[in-house]
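First the structure, in the form of structure tokens, and then the observations on it.
4 protein chains.
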Amino acid sequence: MTEKSLAHKVVDQMFDHDAFSQWLGIERVLIETGRCVLRMKIRKEMLNGFGIAHGGITYSLADSALAFASNSHGRKSVSVETSISHTVAMREGDEITATAEEVSISEKIAVYYITIKNHSGKTVALFKGTVYRTSRDWEV
Amino acid sequence: MTEKSLAHKVVDQMFDHDAFSQWLGIERVLIETGRCVLRMKIRKEMLNGFGIAHGGITYSLADSALAFASNSHGRKSVSVETSISHTVAMREGDEITATAEEVSISEKIAVYYITIKNHSGKTVALFKGTVYRTSRDWEV
Amino acid sequence: MTEKSLAHKVVDQMFDHDAFSQWLGIERVLIETGRCVLRMKIRKEMLNGFGIAHGGITYSLADSALAFASNSHGRKSVSVETSISHTVAMREGDEITATAEEVSISEKIAVYYITIKNHSGKTVALFKGTVYRTSRDWEV
Amino acid sequence: MTEKSLAHKVVDQMFDHDAFSQWLGIERVLIETGRCVLRMKIRKEMLNGFGIAHGGITYSLADSALAFASNSHGRKSVSVETSISHTVAMREGDEITATAEEVSISEKIAVYYITIKNHSGKTVALFKGTVYRTSRDWEV
Numbered sequence: 001m002t003e004k005s006l007a008h009k010v011v012d013q014m015f016d017h018d019a020f021s022q023w024l025g026i027e028r029v030l031i032e033t034g035r036c037v038l039r040m041k042i043r044k045e046m047l048n049g050f051g052i053a054h055g056g057i058t059y060s061l062a063d064s065a066l067a068f069a070s071n072s073h074g075r076k077s078v079s080v081e082t083s084i085s086h087t088v089a090m091r092e093g094d095e096i097t098a099t100a101e102e103v104s105i106s107e108k109i110a111v112y113y114i115t116i117k118n119h120s121g122k123t124v125a126l127f128k129g130t131v132y133r134t135s136r137d138w139e140v
Numbered sequence: 001m002t003e004k005s006l007a008h009k010v011v012d013q014m015f016d017h018d019a020f021s022q023w024l025g026i027e028r029v030l031i032e033t034g035r036c037v038l039r040m041k042i043r044k045e046m047l048n049g050f051g052i053a054h055g056g057i058t059y060s061l062a063d064s065a066l067a068f069a070s071n072s073h074g075r076k077s078v079s080v081e082t083s084i085s086h087t088v089a090m091r092e093g094d095e096i097t098a099t100a101e102e103v104s105i106s107e108k109i110a111v112y113y114i115t116i117k118n119h120s121g122k123t124v125a126l127f128k129g130t131v132y133r134t135s136r137d138w139e140v
Numbered sequence: 001m002t003e004k005s006l007a008h009k010v011v012d013q014m015f016d017h018d019a020f021s022q023w024l025g026i027e028r029v030l031i032e033t034g035r036c037v038l039r040m041k042i043r044k045e046m047l048n049g050f051g052i053a054h055g056g057i058t059y060s061l062a063d064s065a066l067a068f069a070s071n072s073h074g075r076k077s078v079s080v081e082t083s084i085s086h087t088v089a090m091r092e093g094d095e096i097t098a099t100a101e102e103v104s105i106s107e108k109i110a111v112y113y114i115t116i117k118n119h120s121g122k123t124v125a126l127f128k129g130t131v132y133r134t135s136r137d138w139e140v
Numbered sequence: 001m002t003e004k005s006l007a008h009k010v011v012d013q014m015f016d017h018d019a020f021s022q023w024l025g026i027e028r029v030l031i032e033t034g035r036c037v038l039r040m041k042i043r044k045e046m047l048n049g050f051g052i053a054h055g056g057i058t059y060s061l062a063d064s065a066l067a068f069a070s071n072s073h074g075r076k077s078v079s080v081e082t083s084i085s086h087t088v089a090m091r092e093g094d095e096i097t098a099t100a101e102e103v104s105i106s107e108k109i110a111v112y113y114i115t116i117k118n119h120s121g122k123t124v125a126l127f128k129g130t131v132y133r134t135s136r137d138w139e140v
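Chains as they are written, first to last, in the numbering used here: chain A, 1 to 140; chain B, 1 to 140; chain C, 1 to 140; chain D, 1 to 140.
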């Protein structure tokens, strides 16, 4: 199996069981080893008391991107620490895209930067995630 | 108006318009100036591809607690940076409680620690949030 | 060997070889399993371009506290992600105390909160550190 | 005064009074508006109990880069939250370079990514810093 095929099989398996990513309406734009691009649209039920997207929505999109990018190597990986800055408010109907890049990987630990942009290309959130790479492989 | 009454009026107003906190099923256990306790239950549609609560769910609960605790002073406050460690996995039916404590406050910036515990009192997530305190007051 | 004795032996060994902690003038106030208290004084060569303590100084004190507290169990542990908020400026001559508390520990990952206070008890910095616990023990 | 000239004047003034950056042996490789590159060499007194560079050393280099890049606009800016992952150990004699990039800027808040690489181009630390932009200007 090629690397790319492995990445796809792992993420397909994760996504098929990921009820919350499905509720969010996440679409997979690109899946590669250590990298992914996801897209979703802000709906009315995702807004907070300021009438803008709840911080948990952009975090959730980024956290799904972290899970898919880090597990795409075929090794089960779990988040140990994540941080996010919400830099621009989003409103109902806005389409957002998260791009996950692997910025460091070692035997046990890997770090990802995930940038979320809106449809006009403006950065709306910056996410940094660190995962622990277990010794268990995905069965695909 | 007393401080406590102000805190309640602000958070009531925020919560009434906060569609996503309502979707999560968040209950307000305690609201005080600079402090709050929130509770919710993990539902099937909140699970991820590992069959456990999606990281975005606990983040969202903590982020709501950050918003309520920081705005409870009556000044509009917005998140600038947040981080979370997911330390214990949660399953469907688990009830979780988030407690927000104000650990630092100055004219422009305030910092909160938010601890999420499960029903048996075990810490399941640790959240640190920094807000920018604008110069605009809530009208209550 | 008791737990407390093990913690002391490990930290003694680390500290004796830790040239930078010695340059900082760090004193060990308390060493326990998973916990420590360190103290130091701000010197002229530790100031930055604003005439206050460089952010790297308080970070360094907290990072030493993280290393001592996490290794005190006898297992070699390495930092994977740390964050710090500098909440109050410090000046030459100020004495600061860092207290490290273990807020979560599992087989592979542990999380610590480290609070730095000045001599009047005011919190000047808030640090959160995550370590990876290797499978190698300290020889003491 | 051009933007670039303003950036240089502000950073010169900061650096001339920054005793700790001088102790570290920091050299300014590039100073631009919202961006800078700094370089230094790991010395014996910068090592920790593992015989590698203390985490406070790389943090300090990144924190200086954050201060220079964020103040280079001419507006006094102060760090509100910073995080760092130490991904590769450094030894005595290693030369390291920090590159600060402005990834988000608004009226009051700006965010920077700072990447530290060793002389062979390998990333050794990843730093994310958020500053509060005061309303006071540098007098240059």
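Ideal Cβ positions, reconstructed from N, Cα and C, are used throughout, including at glycine.
Since we're looking at a predicted model, the values are computed, not measured.
Between the stretch 119-137 of chain B and the stretch 69-84 of chain B, the count of Cβ pairs shorter than 8 Å is three or higher; the stretches touch.
Between A:Thr33 and A:Leu6, the C-beta gap is smaller than 9 Å, which places the two residues in contact. When Cβ-Cβ separations below 9 Å define contact, B:Tyr113 makes no contact with chain D. Annotation for B:Ile57: Met46 place their beta carbon closer than 6 Å to its own, counting only its chain and skipping 5 residues before and after. For D:Thr99, not one C-beta of chain A is nearer than 9 Å to its own C-beta. Taking 9 Å as the CB threshold, C:Ser79 stays off the interface with chain B. Residue pairing by DSSP puts D:Asp137 in a beta bridge opposite D:Arg75. C:Ile96 has a beta carbon lying at 9 Å or more from every beta carbon in chain A.
Within the stretch 27-109 of chain A, the complete beta strand (DSSP E) runs of at least 3 residues fall at 27-32, 35-41, 75-86, 95-105. Contact check between the stretch 95-113 of chain A and the stretch 82-96 of chain D: three or more CB pairs, one atom from each, fall below 8 Å, which counts as touching. Rounded to the nearest whole angstrom, the C-alpha separation of B:Leu30 and A:Ala100 is 37 Å. The Cβ atoms of B:His17 and A:Gly49 sit closer than 9 Å to each other. Setting aside the 5 residues that flank it on each side, C:Lys9 is surrounded in the same chain by Val140, each with a C-beta closer than 7 Å to its C-beta; the list follows chain order.
Using a Cβ distance threshold of 9 Å, D:Ser21 and C:Tyr59 do not count as a contacting pair. The C-beta distance from D:Gly93 to D:Lys41 rounds to 7 Å, short enough to meet the 8 Å contact threshold. For the C-beta of A:Thr130, the chain C residues within less than 9 Å are, from N- to C-terminus, Val80, Glu81, Thr130.
The straight-line gap separating the alpha-carbon atoms of D:Ile116 and C:Glu81 is approximately 15 Å. In the three-state reduction of the DSSP assignment, A:Lys128 falls in the strand class. Taking 9 Å as the cut-off between beta carbons, the residues of the stretch 13-36 of chain A near chain B are Gln13, Met14, Phe15, Asp16, His17, Asp18, Ala19, Phe20, Ser21, Gln22, Trp23, Leu24, in sequence order.
Any Cβ of chain C closer than 9 Å to the Cβ of B:Thr58 would place that residue at the interface, and such an atom is absent. The beta carbon of D:Lys44 is closer than 6 Å to those of Glu92 in its chain, skipping five residues each way along the sequence. Considering only beta carbons, no part of the stretch 51-76 of chain C lies closer than 7 Å to chain B. Measuring C-alpha to C-alpha distances from B:Arg35 to each of B:Ile52, B:Gln13, B:Lys4 identifies B:Lys4 as the nearest.
By the beta-carbon neighbour count (other beta carbons within 10 angstroms, threshold 16), A:His119 is exposed. Look at A:Lys117 here: in three-state DSSP terms it is strand. Shown here for C:Thr97: same chain residues with a beta carbon closer than 6 Å to its own, the five before and five after excluded, namely Arg39, Lys117 in chain order. Per the coordinates, the alpha-carbon of A:His73 lies some 34 Å from the alpha-carbon of C:Ala62.
At a cut-off of 9 Å between C-beta atoms, B:Ser135 does not count as an interface residue with respect to chain A. Per DSSP, C:Thr2 has no beta-bridge partner at all. Sequence-distant Cβ neighbours of B:Gly51 in its own chain, meaning closer than 8 Å and more than five residues away, are Arg91.
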